[in-house]
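Asker:
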Amino acid sequence: MKANQWMGKQKVKVAEVPDPRILNSRDAIIKITSTAICGSDLHLYNGYIPTLRKGDIIGHEFMGEVVEVGKGVGNLRVGDRVVVPFPISCGACDACEREQYSLCENSNPNAGMAEKLMGYSPAGLFGYSHMLGGYPGGQAEYARVPFADVGPVKIEDDLTDEQVLFLSDIFPTGFMGAEMCDIKPGQIVAVWGAGPVGQFAIASAYLLGASKVIAIDRFPYRLRMAREKAGAETIDYSRHDVGEALREMTAGRGPDAVIDAVGMEAHHSSPAIDAYDKAKQAGKLETDRAHALRQAIMNVRNGGIVSVIGVYGGWIDKFPMGTVVNRGLTIRSGQCHVQRYTKPLLERIRKREIDPSFVISHRLRLKDAPKAFETFLNKQDECTKVVLTP
Amino acid sequence: MNRAVTISAGAAAGVATTVWAVRRRAARRAPLHVRAAITVNKPVGQVYSFWRDLELLPLFMNHLESVRTTGDRTSHWVAKAPAGRAVEWDARIVDDRPDELIAWRSVEGGDVPNDGTVRFAPAPGGRGTEVRVELRYDLPGGKAAALVAKLFGESPDQQVRDDLRRFKQVLETGEVVRSEGSPEGTRAFRQFAQRPAQPVEVGAR
Numbered sequence: 001m002k003a004n005q006w007m008g009k010q011k012v013k014v015a016e017v018p019d020p021r022i023l024n025s026r027d028a029i030i031k032i033t034s035t036a037i038c039g040s041d042l043h044l045y046n047g048y049i050p051t052l053r054k055g056d057i058i059g060h061e062f063m064g065e066v067v068e069v070g071k072g073v074g075n076l077r078v079g080d081r082v083v084v085p086f087p088i089s090c091g092a093c094d095a096c097e098r099e100q101y102s103l104c105e106n107s108n109p110n111a112g113m114a115e116k117l118m119g120y121s122p123a124g125l126f127g128y129s130h131m132l133g134g135y136p137g138g139q140a141e142y143a144r145v146p147f148a149d150v151g152p153v154k155i156e157d158d159l160t161d162e163q164v165l166f167l168s169d170i171f172p173t174g175f176m177g178a179e180m181c182d183i184k185p186g187q188i189v190a191v192w193g194a195g196p197v198g199q200f201a202i203a204s205a206y207l208l209g210a211s212k213v214i215a216i217d218r219f220p221y222r223l224r225m226a227r228e229k230a231g232a233e234t235i236d237y238s239r240h241d242v243g244e245a246l247r248e249m250t251a252g253r254g255p256d257a258v259i260d261a262v263g264m265e266a267h268h269s270s271p272a273i274d275a276y277d278k279a280k281q282a283g284k285l286e287t288d289r290a291h292a293l294r295q296a297i298m299n300v301r302n303g304g305i306v307s308v309i310g311v312y313g314g315w316i317d318k319f320p321m322g323t324v325v326n327r328g329l330t331i332r333s334g335q336c337h338v339q340r341y342t343k344p345l346l347e348r349i350r351k352r353e354i355d356p357s358f359v360i361s362h363r364l365r366l367k368d369a370p371k372a373f374e375t376f377l378n379k380q381d382e383c384t385k386v387v388l389t390p
Numbered sequence: 391m392n393r394a395v396t397i398s399a400g401a402a403a404g405v406a407t408t409v410w411a412v413r414r415r416a417a418r419r420a421p422l423h424v425r426a427a428i429t430v431n432k433p434v435g436q437v438y439s440f441w442r443d444l445e446l447l448p449l450f451m452n453h454l455e456s457v458r459t460t461g462d463r464t465s466h467w468v469a470k471a472p473a474g475r476a477v478e479w480d481a482r483i484v485d486d487r488p489d490e491l492i493a494w495r496s497v498e499g500g501d502v503p504n505d506g507t508v509r510f511a512p513a514p515g516g517r518g519t520e521v522r523v524e525l526r527y528d529l530p531g532g533k534a535a536a537l538v539a540k541l542f543g544e545s546p547d548q549q550v551r552d553d554l555r556r557f558k559q560v561l562e563t564g565e566v567v568r569s570e571g572s573p574e575g576t577r578a579f580r581q582f583a584q585r586p587a588q589p590v591e592v593g594a595r
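These protein sequences, in sequence, are chains A and B.
In terms of the working numbering, the first sequence opens at residue 1 and continues consecutively.
In terms of the working numbering, the second sequence opens at residue 391 and continues consecutively.
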């Protein structure tokens with residue numbers, strides 16, 4: 001089959017690899033019909049995620065048709081159409097029983113590697129480095145899906161791939177980001193990053209009852225999408241002082257909750273601070289640039305909630321702990337527990353409360369993955385979200 | 391004492407690799423003493439019974455080739471080794487308290503004197519069973535001892551922790567969990583020798 005492999009910093013190639021086969025009895029093999037590039041794939045692309053290796057198949061947002069099931073999979077049949085959550089979860093450990101699927105205690109065979117970097121190991125993920133399992137990803141023609149009796153959600157009506165594909169990651173991720181904000185009527189939420197996850201965080205905050213959502217980014221086309229498709233008010237941080245603008249928009253209170261939908265490769269409007277963090281990151285003195293997170297923390301209201309769904313891989317520095325403690329902030333975070341959200345969010349799509357396909361800007365073939373990564377990385381051609389079809 | 395030497399040598403050199411080198415040399419002489427713990431989300435009775443069936447140990451204990459029950463409390467153990475260089479011993483269960491503890495010890499005449507204990511306790515908050523295992527191998531020298539030292543590699547604690555991870559996987563999910571990077575499931579050596587995250591061809595390693 002053909003698959004998109006990471007070949008080194010800012011280099012991917014689509015090449016022939018063996019077809020996947022069943023390794024565990026609860027596996028299924030999926031023939032992929034649609035697969036997307038995630039913003040977090042850019043962290044891989046740029047070489048910022050440790051233990052990614054040359055030749056690894058990447059991609060963790062995919063769906064398709066079941067073509068083979070292991071003997072331990074009772075709920076799926078050949079021909080079923082499924083969306084696959086990006087965390088691999090056994091459904092039986094204590095974490096899975098508490099619906100903390102991205103913390104599955106059994107799905108990472110390389111848990112020892114993750115423990116060295118993070119203390120304890122989270123779940124294995126598709127196509128996201130060896131310390132997170134060494135599982136091939138879904139930017140391919142086929143994929144093996146472990147614990148196929150737990151993760152994949154069946155799509156049994158006529159919804160299109162584009163309408164349901166993002167149940168694999170970014171819609172649930174944005175939704176969980178909003179849910180962690182404990183939104184109460186009348187509350188205002190600010191979202192850093194108007195990429196696809198940010199767009200879904202904005203839309204979800206409204207679904208959960210926010211009275212106003214403010215999006216912060218520097219790309220006019222993304223801010224336009226946030227205004228027109230997700231209903232946000234917007235701040236262009238390259239042109240305005242974010243703190244002043246938020247103070248004005250919330251009459252001096254600050255947003256009740258803030259969401260970091262940016263993560264480890266944030267940019268800063270001050271070239272000096274941007275250069276400082278880029279230099280430290282390049283020299284491996286910190287792995288992550290956390291401008292958005294720092295700014296979010298500084299600008300939430302006293303006693304507010306900081307919800308972090310942007311991906312961080314290792315360490316950050318200049319963390320404003322003083323403001324967290326003295327202003328009584330709550331920080332919540334996590335890789336999305338996708339399996340918890342797939343069915344309720346599918347129901348919202350079915351009821352036309354939301355059509356997630358609004359984030360798609362580019363539709364390309366799998367073979368065009370190298371070009372697609374470049375376009376997405378450089379935000380060329382108003383690129384927001386790329387969907388690939390094999 | 392060995393531990394102190396390891397630490398001070400490491401501190402003096404200030405280099406982590408020195409610690410490994412010293413530990414590796416020391417491991418050939420000193421007894422190998424490793425311990426690890428894990429919580430399994432199953433009732434204590436089930437967890438105890440699974441371990442008590444010693445023949446199942448090689449399912450998750452990486453250094454074992456086979457265990458054969460030879461009597462109510464006796465068994466024959468074979469460690470993994472290249473063909474023709476089997477390391478074997480007979481063991482006797484010296485203490486067996488259902489749902490609490492199993493202790494075993496090799497009998498005289500085996501290749502490598504060793505003993506082990508596993509303790510079971512209900513985990514607080516209804517979270518299943520706490521499992522604590524301790525293994526000790528005397529490594530007096532000779533080929534068998536060298537082989538056992540090699541089987542446990544440079545990070546024996548990691549290896550036994552991985553054994554317990556597989557034990558947990560088998561009990562909670564029914565089998566050892568495999569990825570394309572680690573197709574055999576959790577193995578300490580795979581942390582340094584991952585396959586690429588690509589499908590595994592039939593018969594490939």
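Even glycine gets a Cβ: it sits at the ideal position worked out from N, Cα and C.
It should be emphasised that the depicted structure is a prediction, and the values quoted were computed from it without experimental measurement.
1. Would you kindly work out how many angstroms separate the C-alpha atoms of Pro85(A) and Phe166(A), rounded to a whole number?
2. For Arg555(B) and chain A, any beta-carbon pair shorter than 8 angstroms?
3. Taking 8 angstroms as the threshold (C-beta atoms), are Val324(A) and Ala257(A) in contact?
4. Report the residue from Arg81(A), Gly138(A), Ser168(A) and Ala190(A) whose alpha carbon sits nearest the alpha carbon of Arg253(A).
5. Cβ of Glu565(B) less than 8 angstroms from any chain A Cβ?
6. On the DSSP bridge assignment, give the partners of Gly303(A) in chain order.
7. At least one CB of chain B closer than 8 angstroms to the CB of Asn46(A): is that the case?
8. Assuming the contact rule is C-beta atoms closer than 8 angstroms, Val655(B) and Glu524(B) should be a hit. Round their C-beta distance to whole Å, please.
9. Using a cut-off of 7 angstroms between C-beta atoms, extract the partners of Pro20(A) located in chain B.
10. Could you give the residue range of the alpha helix (DSSP H) that holds Val73(A)?
11. The beta strand (DSSP E) spanning Ser333(A) covers which residue range?
12. Given a threshold of 16 other Cβ atoms within 10 Å of its Cβ, counted over all protein chains shown, does Gln281(A) qualify as buried or as exposed?
13. To the nearest angstrom, report how far apart Gln385(B) and Ile30(A) are at their CA atoms.
14. Taking only beta-carbon atoms, is Thr576(B) less than 8 angstroms away from chain A?
15. In the DSSP assignment, find the unbroken alpha helix (DSSP H) run with Asn326(A) in it and report its ends.
16. On the DSSP letters alone, give me the boundaries of the alpha helix (DSSP H) that Arg555(B) sits inside.
17. Count the other CB atoms, across all protein chains shown, that sit within 10 Å of the CB of Asp381(A); report buried if there are 16 or more and exposed otherwise.
18. For Pro87(A), write down the residues that DSSP places opposite it in a beta bridge.
19. What are the boundary residues of the beta strand (DSSP E) that Leu444(B) is part of?
20. If you reduce the DSSP assignment to three classes, tell me which class His466(B) lands in.
21. Do we get a CB-CB distance below 8 angstroms when we pair Tyr135(A) with the residues of chain B?
22. Within its chain, find whatever has a CB closer than 7 angstroms to the CB of Val262(A); leave out the 5 residues flanking it on each side and keep chain order.
23. Extract the residue ranges of the alpha helix (DSSP H) inside the segment 341-378 of chain A, only unbroken runs of 4 or more that lie entirely within it.
24. Against Val348(B), what residues of chain A qualify as contacts under a CB-to-CB distance less than 8 angstroms, listed in chain order?
25. Got a sec: is the Cβ-Cβ distance from Gly532(B) to anything in chain A below 8 angstroms?
26. What does Glu65(A) pair with, by DSSP beta-bridge criteria?
27. Output the boundary residues of the beta strand (DSSP E) element that contains Thr507(B).
28. Are there 16 or more other CB atoms within 10 angstroms of the CB of Gln100(A), so buried, or fewer, so exposed?
29. Can you say whether Val477(B) is buried or exposed, counting buried as having 16 or more other CB atoms within 10 angstroms of its CB?
30. Starting from the beta carbon of Gln548(B), find every residue of chain A whose beta carbon is closer than 7 angstroms, and list them in chain order.
31. I'd like to check one pair, Gly435(B) with Asp489(B): are the Cβ atoms closer than 8 angstroms?
32. Would you call the segment 128-145 of chain A and the segment 55-74 of chain A in contact, with 3 or more CB pairs under 8 angstroms?
33. Name the chain A residues that come within less than 9 angstroms of Pro433(B), Cβ to Cβ?
34. Between which two residues does the beta strand (DSSP E) containing Gln5(A) stretch?
35. Give the straight-line distance between the Cα atoms of Thr51(A) and Leu44(A), rounded to the nearest whole angstrom.
Answerer: To lay it out plainly:
1. Computed Cα separation, rounded: 9 angstroms.
2. Chain A contact via Cβ: present.
3. No; because the gap between Cβ atoms is not below 8 angstroms, this pair is not in contact.
4. For the residues Arg81(A), Gly138(A), Ser168(A) and Ala190(A), the minimum Cα distance to Arg253(A) belongs to Ala190(A).
5. Yes, contact with chain A.
6. Gly303(A) is not bridged to any residue.
7. Not flagged as an interface residue toward chain B: Asn46(A), since no C-beta distance is shorter than 8 angstroms.
8. This structure cannot speak to residue 655(B), because chain B is shown only from 391 to 595.
9. Going along chain B in sequence order, the residues near Pro20(A) (Cβ under 7 angstroms) are Pro589.
10. That residue, Val73(A), is in no alpha helix (DSSP H); it is neither H nor E in DSSP.
11. Per DSSP, the unbroken beta strand (DSSP E) holding Ser333(A) starts and ends at Thr330 to Ser333.
12. Counting the other Cβ atoms within 10 Å of the Cβ of Gln281(A) gives 16 or more, which makes it buried.
13. The structure shown has nothing for residue 385(B), since chain B only spans 391 to 595.
14. Yes, Thr576(B) lies at the interface with chain A (some Cβ there is under 8 angstroms from its Cβ).
15. Met321 to Asn326 is the span of the alpha helix (DSSP H), which, as asked, contains Asn326(A).
16. Run containing Arg555(B): Pro546 to Thr563, per the alpha helix (DSSP H) assignment.
17. Asp381(A) is classed as exposed because its beta carbon has fewer than 16 other beta carbons within 10 Å across all chains shown.
18. Residue pairing for Pro87(A): DSSP places it in a beta bridge opposite Leu125(A).
19. Careful: Leu444(B) lies outside any beta strand (DSSP E) and carries neither H nor E.
20. It is a strand residue.
21. At least one chain B Cβ lies under 8 angstroms of Tyr135(A).
22. Cβ within range, chain order: Trp192, Gly193, Ala292 and Gly310.
23. Runs found: 369-377.
24. What the structure shows of chain B is the stretch from 391 to 595, and residue 348(B) is not part of that stretch, so it cannot be assessed.
25. Judged by the 8 angstroms Cβ criterion, Gly532(B) is not in contact with chain A.
26. According to DSSP, Glu65(A) shares a beta bridge with Lys31(A) and Arg81(A).
27. Asn504 to Pro512 is the extent of the beta strand (DSSP E) around Thr507(B).
28. Answer is buried; the Cβ neighbour count reaches 16.
29. Under this definition Val477(B) is a buried residue.
30. Per Cβ cutoff of 7 angstroms: Gly112.
31. Taking 8 angstroms as the Cβ cut-off, Asp489(B) and Gly435(B) qualify as a contacting pair.
32. A contact exists between the segment 128-145 of chain A and the segment 55-74 of chain A.
33. Residues of chain A passing the Cβ test: none, with the nearest at roughly 13 angstroms.
34. Taken as a continuous stretch (DSSP letters only), the beta strand (DSSP E) holding Gln5(A) covers Lys2 to Gly8.
35. Using only the alpha carbons, I get a separation of about 10 angstroms.
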